[in-house]
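Heads up, the thing below is written out as structure tokens.
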Amino acid sequence: MSSLAEPAAPGVPARSPALSPAPGPSRGGGERRTGGSGAGADLGAVQDAQLRSVDLNHVIKLLEDSESKDLQKEQLKTLEKVVKHFENGFPLENLAQIIEILNLCAEKVNEQEAFTEHLCELIKLCGLPFHKKKFSDEVSYSTTVSKFIAQLGYLMRVPSSQVRIQICKCVVSFYNMELPRKVLSGYQPTSANYKIQMAELGGLAETLILSLALVENQLTEKLWVLKALQHLSSSGVNCRLMMKAQAASRLCLYLNGVDPSGQLVFRSSEILWNLLENSSKEEVANQLSSLECVYALKEVFVNLLMHGFRHYDRQLRNDLLVFATLLAENPAAPMIESGFAKLLIVLATFTEVKIPNPLVKGLKFTYSHEDFEMKKLLFNVIRVLSKDPRAVQLLSENDVMPALLYYIKPNQKPGFHEWSAAQYEELQLCAIAILASVAPLLVDKYLSCQANTLLLVFLEWCIGQDSSFDQGNFHGTGGRGNKLAQMRYSLRVLRSVVSLYDEAMNLNLCDQGAISQLLDILKYAANKSKEKEDAILLEIQADIVFILSVLCENDLHRKELFSYEGVDILIPFIQIDPKKLYSGLGHNRLLFSALDCLWSCVIGCCKAEDYFLEKQGIFLLLDLLALKQKNLYNVILGILVEFCDNLKTTLHINIWRGEKDQTAANLLIQLWRQEELELGLKRDRYGRIVDLKRPIASSFQKQQEVTPLPSNCPSFAIMEVSESIRAKLFLLLCKLGFENLPGLSAEDFVTLAIIKHYIDFKVGEVWNELCAELKEFRPVELDEEALEVILQLSEDTGRKVAALQTEVLESQHRQEIQEEHKTYAKIIATHKQKEIVNKSWENFLSRTSNYEALKKAKRLQEKAIEASRSKSKTQNGPVHSTEIKGLGTTYGNFIDGLRLYVRGGTGGMGYPRLGGEGGRGGDVWFVAREKTTLKNIRDKYPQKRFVAGAGANSSVKALKGEKGKDCEVHVPLGISVLCDDGKQIGELNAAGERFLVARGGLGGSLATNFMPHKGQRRIVRLDLKLVADVALVGFPNAGKSSLLSKISHAKPEIANYAFTTIQPELGKIMYADYKQISVADLPGLIEGAHANKGMGHKFLKHIERTKQLLLVVDISGFQLSIKTQFRTAFETVLLLTKELELYKEELVTKPALLAINKMDLPCAKDNLNELTKQLQNPQDFFHLLQEEMIPTNKLEFKDIIPVSTYSGEGIEELKACIRKSIDEEAEKENEEYREKKLLLLRTSGEEQMNRN
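Per the numbering used here, residue 12 is the first one in the sequence shown, and the count goes up by one each step.
Below is the structure:
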């Protein structure tokens, strides 16, 4: 057996794996892996025979026999044989039996120590690679292997130091895997990381953590367990398992255990580091937050601090300081109660304040790299403790403020004590950064130490020309020598203290000339930024601007100090390139700081305001506002409102012009409309008021329930004013005046009428809220009447504004009409000029051409055209009335789709003895027949199953069996047959057409071993596309169903809401000569129907087989809901054309009529005249529409008929137009048919002549 002595004592630092005090790994990586054995693998058959000779089941039975004491020797001998046979490693298939052997040996060890050595030998073999026969064995045996490795951890229960140490060695060998001297025949070693993965799966790390309790008093065993855990903790999975077993708290308690070698602290801290890196830091901190753990950590830290002189002792000390910092961030950790926090604060400050303290008596820094790192960590602890209110007293009592201010001074020496220049500079920056966190907590200490004076002197040095330590810092842009980092962190300190808005603090700064000095620094940073912009310079400028804002606010004398020089610096900040706002460097923050400074340092000082106006600052603010950056609105509008107290400001605002000559008033009104849109206010399409009671209440405000409030609490309507952009816009327009504002359109004047009465509407909202609060109480009669009068006044104001808006729009409309008249007059003049030119040309022709010959040719051409036209037949017979009961046809409960199950008949049985063939199974046929509907099929065959008859069996009487009976299913015309996956397999359009849908199975024959085949089975879908003469197409609620009921005897459902028709309806128009024209009323389409929106495909498919289209359009326009956009009649026609075109381009080529419905409505005639003009020259109006609304191909209407289904106007004319259009198309088809026939006759005649 190998030696079981503990690992060697450490003598080198913990950071380097190669210099580790023991073979265990560090955080940076694992131990070095040794190479494989030099011996080659013996693949002889002898070893394979030996392996087969071991009967592990026999060994298990032998070990289980505990009755006879004479078997001990035989048992030991057998175990030796097992060890010998598996000296190169265990095969995976034997691991389950090895587990049992190990457990039995462990039980034997408790009674007989002789088994200890053999158990150790077996455990040692577990450290060798397992053997597999094939690659998949690693996955197949993963459960067994994970249990096997987990069992190794459970063997820690054996009360034997040798066994426990061997288990730990075995675990360590997982990470330093050596190849066996020989490889078993037919086997190969498992992969190097296989055992590590199985250890994670088996939870070995958690078991070893729990086993620490068993070896608590055995130092050697404990060190070996920690060494194994060192390796295991390099995995995140193992770390999470260890945390479940409270690993952090258990390991922390072992830190201060007795260990002359120092390995206990080293290994425990290494494992804690791995837990921090590979698991949750919060969970680690929570486990370390007990009082016992904090005391243990403190004790070890002090011991290493006072008595650790080796390099690695100082590294361990710093590692423990990191854990202490982590605990300081956890409010639940008793850092203050344990005295650990005070110790750390004293350690951080004792070299600077030089006040004797018993806690650090005799302690000296060596100024090594480790001591430098500790100093930075101690400063960081102060930063963390400054966030805990309980630690403020400690920070004050232990002179933290003087210690940090010690570094706020220019240093001319190349080094500070033993620190190098670079080290001192880094400590200086850390101290200044921490001062920014501590100073707001210790204001009295800050002022008493004259910190402001030190900082201002230090800042003056930062902008000086001398170099910093002859090398400079590395935190500022441009490398060492520019001192930007010191400036940056010092300004952060000033920013943190002025953010307290403490007047004593601000007065202290101003008395020392801070405003002038800060302006100089700001100018210096701005000049530097012109050379090269970076985030640090922008941050410095933003901080200075903020500090100046706080110092100058509410103090006129300080604003005068700022005025000229400050405005000159602010102007470039406001005149920023808009693209830079998205650079991410900090321009956005600088702009906001500049605007805030403008509000605080300029407004209220007449001298500064006039100078800002002289520099055209108002123009710059309006330019920023025109960018329409919503986050800038409130600030800029507030500044403009305040500036308007200066009489010169309104003149500057009115003079400003933006892009496309936009005025300030127009810009402000645009912002108002944009804000209303975002707040969800309801306005009609012209921008007029819709809700007269609450015209400016947002949708969110209307949704709020009014709750009774105390009289001193503002209501929601008042609170909305405080940060409302609309309130600032109203105030600004009040300053400008609502009359004679330049550059406004009619839409702007409509909006301006609302803005002008903003306060009136707000007062109405407040009274509305008051009435809502009083619902539970009944006011006295006089108060109730007063409330009613007040509410009525608010509503009357709404009506007044609405009337004014209407008047503005009418005036605008009249002005547009006058402009149209002028334009029309110009067109007429141009047209007359063209007529004069044409007449001149005709005169020229008459003089230079044979006019009589041309005229004769023209007459001959007209006669030929007239002769080619068909003569209309007149009706000479008697005229009969069409008002006959039941003459009209309508289809109720219309169905346009049906799903069926069909199956061909099974073939008949063959007759093997005589070779007879069974009859073929019957087929299932679909047969098109008139006057058949899908509803008939559904009602007649509710099961919707159609099965053909089976074929007759072959017999002695009839060797050839008869075919089964076919199943014929009568279907309507226009049916498409589709498979269940949507693929079309057939179509039936004419009466009598047949389609084989399911073929019968073959009968039994010699080829099929006289066994019959089953018939074809299918689930099919019948899809009906209506065959009608005319299809009514339109948007919902256009009046299609009403129109169908007027022109035919159909009785569809009619109501005053959209989507009344939810399925196609058919009707027939009866004429006096008994001519019938079928009309299909389709459910209303919606925008996007071509993409199957709103079941668009289900309805559009019926249009494909109709001969003509009749578009029905509401003359007043269409709007599906309040959430959708309103469409005019012209837009409706274009949208319907677009939907038909996008579904199938062929639909646009069909003959079409246009019915303009609801002509009984007011203003219908005006709308019709406008629509007629638009339809005559639609391209003249396309620029007013969205691009996606404009169809590629125009739908040509034969006639446009205005109708009213309410009054009956135009109905007879529409019927006549439909009849005329159908007849013309029929005549056209007949003419084409005759021409084809004539062409065929001519072709056949020529062929006959050629043959002759």
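From the three backbone atoms N, C-alpha and C, an ideal C-beta is built for every residue, glycine too. Fair warning: this is a prediction, and the values are worked out from it, not measured in the lab.
Residue 703 carries a coil assignment under DSSP once its states are collapsed to helix, strand and coil. Looking only at 1173, 1168, 1192, 1162, the smallest Cα-Cα distance to residue 1145 is reached by 1192. Within the same chain, Cβ atoms closer than 7 Å to the Cβ of residue 264 are found at 303, 304, 307, the five residues on either side in sequence being excluded. The three-state secondary structure of residue 1077, taken from DSSP, is strand.
Inter-segment contact for the region 609-617 and the region 705-716 is absent: fewer than three beta-carbon pairs are separated by less than 8 Å. In this structure, DSSP gives residue 928 an extended state, which the three-state scheme calls strand. In this structure, residue 1172 and residue 1126 form a Cβ contact; the two beta carbons are roughly 7 Å apart against a cut-off of 8 Å.
Separation of residue 687 and residue 740 (C-alpha to C-alpha, rounded to the nearest whole angstrom) is 12 Å.
Only exposed fits residue 842, as fewer than 16 other CB atoms lie within 10 angstroms of its CB. Going by DSSP, residue 622 is part of the alpha helix (DSSP H) stretching over 617-625.
Taken in chain order, the whole alpha helix (DSSP H) runs of length 4 or more contained in the region 1013-1069 are 1051-1058.
Look at residue 138 here: in three-state DSSP terms it is coil, with no helix or strand label.
Around the beta carbon of residue 1195, fewer than 16 other beta carbons sit within 10 angstroms, so the residue counts as exposed.
If you draw a straight line from the Cα of residue 331 to the Cα of residue 114, it comes to about 40 Å. Going by DSSP, residue 121 is part of the alpha helix (DSSP H) stretching over 106-122. Taken atom to atom, the span from the alpha-carbon of residue 574 to that of residue 619 is near 5 Å. DSSP places residue 207 in the uninterrupted alpha helix (DSSP H) bounded by 205-213. Rounded to the nearest whole angstrom, the CA to CA distance from residue 600 to residue 1178 is 54 Å. Rounded to the nearest whole angstrom, the CA to CA distance from residue 200 to residue 138 is 12 Å. The alpha carbon of residue 534 has as its nearest neighbour, out of 570, 682, 546, 555, the alpha carbon of 555. The bridge partners DSSP lists for residue 1123 are 1166. Within the DSSP bridge table, the entry for residue 293 names no partner.
Contact check for residue 1026 against residue 914 passes: the beta carbons are separated by less than 8 Å.
Inter-segment contact for the region 1019-1034 and the region 975-987 is present: three or more beta-carbon pairs are separated by less than 8 Å.
Residue range 978-982 is occupied by the beta strand (DSSP E) that includes residue 981.
Looking at the DSSP output, residue 102 shares a beta bridge with 142.
Our two residues, residue 359 and residue 386, have alpha carbons roughly 6 Å apart in a direct line.
Residue 812 and residue 697 have their C-alpha atoms some 14 Å from each other. In this structure, residue 919 lies near residue 961, with their beta-carbon atoms less than 8 Å apart. Taking C-beta atoms as the reference points, residue 447 and residue 457 fail to come closer than 8 Å. Comparing C-alpha distances from residue 1116 to each of 1054, 1130, 1039, 1061 shows the shortest one belongs to 1039.
For the set 713, 116, 118, 97, the Cα lying nearest the Cα of residue 136 is the one of 97. Unbroken alpha helix (DSSP H) runs of no fewer than 4 residues, entirely contained in the region 320-372, are found at 322-339, 351-364, following chain order.
Annotation: the continuous beta strand (DSSP E) that includes residue 1213 extends over 1208-1213.
For residue 1009, there is no enclosing alpha helix (DSSP H); the enclosing beta strand (DSSP E) covers residues 1005-1009. By the beta-carbon neighbour count (other beta carbons within 10 angstroms, threshold 16), residue 753 is exposed.
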